[in-house]
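Below: one structure, written as structure tokens.
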Amino acid sequence: MTSTYYITTPIYYVNGLPHVGSALTTIACDVLARYHRMLGEQSWLLTGTDENATKVQEAALKAGATPQQFVDHLAGEFRTSWNSLHVDYSDFIRTSEPRHIRACQEFFQRLMANGYVYLDTYEGWYSISDETFYLDDKVKDGFEIETGKPVVRVQEKNYFFRLSAFGDRLLEYYDQHPEFLQPDFRRNEVIGFVKEGLRDMCITRANKGWGIEVPGDPERVIYVWFDALINYLAATGWPDNPEWEQMWPPKLHLMGKEIFVRFHATLWPAMLMALGIALPEQVYAHGWWTARGSGGKLGKSTGGLPTPEKFTALLAQRAGIDTETAADAQRYILCREMNFGLDTDFSLDNCLRRYNTDLANDLGNLLNRSINMLIKFRDGIVPLAADQDSEITALAVKVVADYQGAMAGISPNRALEAIWSLIGRLNKYVDEKAPWTLAKQAAAGDAQAAEALSTVLYSCLEASRVASVLLWPFMPVASAAITRQLGMPERTTIPTISDAAWGGLPSGITTQGPTPIFPRIQVLELSEAELIDLGVVAASAVTTGTTERHKKVSETNKPAEAAVPGTPITPESAAAIPEPLITIDDLMKVELRVGEVLAAEPVPNASKLLRLTVQLGEDDTRTILAGVAEYYEPEALVGRQVIVVANLQPRKMRGIESQGMLLAADIDGKAVLLQPDSPVAPGAKVR
Ligand code: ME8
């Protein structure tokens, strides 16, 4: 056992920019790491990027960059984002780094030497989007049933990990370590999954020029998940650093629930057991930011989650604050809005409202009123309060205990609720005690009233100070600003939890004039253009609706249907669309029909286009150019049914007239052609 509080975020795929989903996990880890520093422990926060995935390679190709250039750029973006959010990470690991490759290959070799790895043929499905292998019973019509992600058929000679050998050992471990899998209700999910029977796992893929080579077998690379999990160990310097166990095992792996059951709660512990390495002390899965209405997970492929930078800029602009303070506000809002074990709908409206109610009103009021009263009634000098209010001091003790309990239970939102119970009580307390009346009585010579006034003023200021200490892990910049306004000496070290004990505010110091740290946001509404710019609404969704409808489009979690090839819609052109809702008559103008692909071939010098011959009825055969060459082999399309926009004006591209358009869903930027549920006669109308 080590005394270091080693905590990890997932390592994020670098196929897109960070968003407030990855930011949530990263901020929560930073909050916990900072909290443990407040407890006097040495915290070590590891984050990083998962770079060897096929989807990363695909995204690079799409961007016209080499995979290495692409991942270098995006890894930089992740660092920049976390820095801008005051995430004080201790290490940032990238899976393309030599130290990680070394650890992976050694891990693989040791498993091989232990007899836990063997070569066999894998035949089944692979989802590039999920980077996961699926068996036949999980797939229908080319899509994984639960996630709805497209899959491709794979038949490859590959290495397998004997995961099946670990079922009983895992169940025994879960039983003996009830704290290992959290929250509790998710443990049952894992137990159910393991009891269903674990199958050996395919842990390599054919080498297509990207990934970590299997030692001694350059034809294959290590399956990205197998590689990714090892980052937690690689970061300690394993296997070469003789002191790696100083850091190991991690106290906590924190992640979203989608990568909990299969990967962090099952595969990873089994991998460690196979090499006799200690297991992490706790693995905690938080819920997702979801779409209002459908409850579907929001993410890179659906949109709906702004990047942290854009969210900070929005808060800074709306509230008229600097980006440092706005970044703190974002940290607060994300941690307070997310109900940690469960899913939470993400709504920017709610976030802005949360800013106003909690930061501008509750916290702002307490601090501003307290200091203003102090200046007015006592020349800004903190009084000596001989009589403390026992109700308030008892509450402060309880709040610290609740806060600590919530932090230990990985519930940042409950920790904040505890702080706000103190702030809320003090705001009421001021109203109840009416210090302005006490001040008048004191001025008239009432000594008891003067003493009571001292108690009220001290209680309010001291509660603000206690809040500033407890808020430090969440809002380090704002926490320091509160301390400064209270007239406390500038912090030279981080606060400790004992600083939150009641009575730490020295009497006799002089406060500064209060300047609102979080001024109220006056305009809460977000315009269409802003929503598009924030990435909360896809520009393509704007073709069909008003802002409200855009929200619904993005919030149903269904990828917007895209016509292929399409005309790109810029935010400017989208915002300029004058008539947002279409009538049924407008819709009826579009003639959609089922077609059957008779022939398909590449178009010379056009890497994205395929030339299709599509039958739309007995005597209606069309030539259609479709921008799907990156996603479909021409042969795979022959005989397939498609949905065609049949009454589109013909358009010439590359000298060929295209006489229609195919409908496709946009999944992770990839076009997936739509087709009828079961075969129908070509030419059938789609309604
Ligand atoms: O899964 N709500 O990377 P990833 C809350 N590389 N959190 C969210 C979220 C949402 N809607 N969307 C993403 C991977 N997250 C692998 C991990 S670890 C060895 C390998 C957060 O880029 C959440 O923490 O898809 C989730 O688990 C993670 O981002 C997934 O990031």
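My numbering numbers the first residue of the sequence shown as 8 and each following residue consecutively. Heads up, the beta-carbon is just placed ideally off N, CA and C, and yes, glycines get one too.
query                                                                                                                                                    : result
Have a look at A653 and L670 and give me their C-alpha separation to the nearest angstrom.                                                               : 11 Å
Helix, strand or coil: which one does DSSP assign to K558?                                                                                               : Any reading at K558 must be qualified, since the residue scores a pLDDT of 35, below 50, and its modelled position is unreliable; no value is offered.
Keeping to the same chain, check which residues put their C-beta closer than 7 Å to that of V484; ignore five residues upstream and five downstream.     : H93, E331, T332 and D335
To the nearest angstrom, how far is the alpha carbon of W509 from that of G310?                                                                          : 45 Å
Less than 8 Å between C-beta atoms, sequence neighbours within five positions excluded: which residues of the same chain meet that for T563?             : Low per-residue confidence applies at T563: pLDDT is 30, beneath 50, and the placement is therefore not dependable, though the value from the model is reported in the following sentence. A298, G300, S301 and G303.
Between the C-alpha atoms of V27 and T351, what's the straight-line distance to the nearest angstrom?                                                    : 13 Å
Do you know how far the Cα of R227 is from the Cα of S97?                                                                                                : 33 Å
Which runs of the alpha helix (DSSP H) at least 4 residues long sit entirely within the region 230-256? Give them in chain order.                        : 231-236 and 238-241
For the putative contact between V476 and P502, defined by C-beta atoms under 8 Å, what is the C-beta separation to the nearest angstrom?                : 5 Å
Is P17 near the ligand ME8, with its Cβ less than 6 Å from a heavy atom?                                                                                 : yes
Going by C-alpha distance, which of D673, S354, D394 and I34 is nearest E532?                                                                            : S354
Do K304 and the ligand ME8 come close, with the Cβ less than 6 Å from some heavy atom?                                                                   : yes
Give, in chain order, every unbroken run of the beta strand (DSSP E) that is at least 3 residues long and sits entirely within the region 351-419.       : none
Should L31 be counted as a contact of the ligand ME8 given a C-beta to heavy atom distance under 6 Å?                                                    : yes
Flag this pair as yes or no: are the beta carbons of Y125 and F77 separated by less than 7 Å?                                                            : no
Measure the Cβ-Cβ separation of F99 and G55 and say whether it is below 7 Å.                                                                             : yes
Of all the options I210, D182 and G218, which has the alpha carbon lying nearest to the alpha carbon of V201?                                            : D182
Who are the Cβ neighbours of W726 in its own chain at under 7 Å, not counting the five residues just before and after it?                                : What is shown of the chain runs 8 to 694, which leaves residue 726 out entirely.
How many angstroms separate the CA atom of V635 from the CA atom of A35?                                                                                 : 40 Å
Is the separation between the beta-carbon of L429 and that of A367 shorter than 7 Å?                                                                     : no
Tell me the DSSP bridge mates of Y133?                                                                                                                   : F140 and V159
Check whether the Cβ atoms of L619 and V604 sit closer than 7 Å, and answer yes or no.                                                                   : yes
List, from N- to C-terminal side, the beta strand (DSSP E) runs of 3 residues or more that fit wholly inside the region 265-296.                         : 290-293
So, do the region 128-136 and the region 191-208 have three or more beta carbon pairs nearer to each other than 8 Å?                                     : no
Tell me whether D98 counts as near the ligand ME8, meaning its Cβ is closer than 6 Å to at least one heavy atom of that ligand.                          : no
Could you tell me the alpha carbon to alpha carbon distance between R360 and T211, rounded to whole angstroms?                                           : 48 Å
Measuring straight from C-alpha to C-alpha, what distance separates T319 and Y639?                                                                       : 40 Å
With burial defined as no fewer than 16 other Cβ atoms inside 10 Å of the residue's Cβ, what is the status of L46: buried or exposed?                    : exposed
Skipping 5 residues on each side, what residues in its chain have a beta carbon closer than 8 Å to that of V146?                                         : W132, I152 and V158
To the nearest angstrom, how far is it from the Cα of A570 to the Cα of S614?                                                                            : Its pLDDT being 30, under 50, A570 is placed unreliably by the model, and the measurement read from it follows with that caveat. Spanning the two alpha carbons is a distance of roughly 18 Å.
Could you give the uninterrupted runs of the alpha helix (DSSP H) lying entirely in the region 464-535, keeping only those of 4 residues or more?        : 483-492
Give the straight-line distance between the Cα atoms of R194 and L39, rounded to the nearest whole angstrom.                                             : 22 Å
Going along the chain, which residues of its own chain have a beta-carbon closer than 6 Å to the beta-carbon of A285, five neighbours each way excluded? : P256
Quick one: measure Cβ to Cβ for T16 and E58, integer angstroms, because I've assumed they're closer than 8 Å.                                            : Rounded, the Cβ-Cβ distance is 15 Å, inconsistent with contact.
Which residue comes first and which comes last in the alpha helix (DSSP H) that contains K62?                                                            : T61 to A70
Can you tell which of M262, K383 and A415 has the C-alpha that lies nearest to the C-alpha of K447?                                                      : K383
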